[in-house]
Amino acid sequence: MNRMVRRSAQVVRFSTNLAPVPRRAVKQPLRDLRAERGDIRSLEGVLSGYHRLRTGRFRIIFSYAADEAIEALFMEERSLVYEVFEAELIRRLKS
């Protein structure tokens with residue numbers, strides 16, 4: 243089943259700012275995400291309900307929307323992605 247993948251402004255901005263080789267390396271896993279293929283794992287703890295897609299040294303955090311689409315919410319390097327996304331999520335919930 244192919245789902246629609248909606249990319250957040252942050253994911254678009256982050257991938258656009260990558261050098262050409264890493265940008266191309268990220269495009270294919272995002273395409274594969276439509277068919278839910280790739281290195282996908284469910285997140286735990288505070289981030290339960292979200293999932294991650296591993297794309298080389300980057301991680302894309304996504305969730306499943308009510309309309310069966312996949313929402314790519316956040317993308318960052320592996321060493322930063324979970325802490326930064328959690329802080330952003332908490333900030334959004336507080337406001």
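First residue of the sequence shown? That's 243 in our numbering, and the numbers climb one at a time after it. Using N, Cα and C, we set each Cβ at its ideal position, and we do this for glycine too.
>> Assuming ALA329 is part of the alpha helix (DSSP H), what are its boundary residues?
In response: Mapped onto the sequence shown, residue 329 falls at position 87. Segment 323-336, the alpha helix (DSSP H) holding ALA329.
>> Comparing C-alpha positions only, which one of GLU328, VAL254, MET246, LEU335 sits nearest to TYR292?
In response: The residue you call residue 292 lines up with position 50 of the sequence shown. Taking only the C-alpha atoms, the option nearest TYR292 is GLU328.
>> Check whether the region 248-264 and the region 306-320 touch, using three or more Cβ-Cβ pairs below 8 Å as the test.
In response: Yes: at least three Cβ pairs fall under 8 Å.
> Short check: CB of LEU289 to CB of LEU275, under 8 Å?
Replying inline: One-based indexing of the sequence shown puts residue 289 at position 47. One-based indexing of the sequence shown puts residue 275 at position 33. For LEU289 and LEU275, no; Cβs fall outside 8 Å.
> Nearest-angstrom Cα distance between LEU331 and SER337?
Replying inline: As a working note, residue 331 is residue 89 in the sequence shown. As a working note, residue 337 is residue 95 in the sequence shown. Here the alpha carbons of SER337 and LEU331 stand approximately 10 Å from one another.
> If you draw a straight line from the alpha carbon of PHE256 to that of PRO264, how long is it in whole angstroms?
Replying inline: By one-based count along the sequence shown, residue 256 stands at place 14. By one-based count along the sequence shown, residue 264 stands at place 22. Going by the C-alpha atoms only, they are around 11 Å apart.
>> If you follow the alpha helix (DSSP H) that SER290 is in, where does it begin and where does it stop?
In response: Mapped onto the sequence shown, residue 290 falls at position 48. In this chain, SER290 is not harboured by any alpha helix (DSSP H), its DSSP state being neither H nor E.
> Can you name, in chain order, every residue of its own chain whose Cβ lies under 8 Å from the Cβ of LEU260, other than the five neighbours on each side?
Replying inline: Taking the first residue of the sequence shown as 1, we reach residue 260 at position 18. Same-chain partners within the cutoff: VAL268.
> Looking only at its own chain, which residues have a Cβ that is under 6 Å from the Cβ of ARG248, when we skip the five neighbours before and after it?
Replying inline: By one-based count along the sequence shown, residue 248 stands at place 6. Closer than 6 Å at Cβ, skipping near neighbours: ALA311, GLU313.
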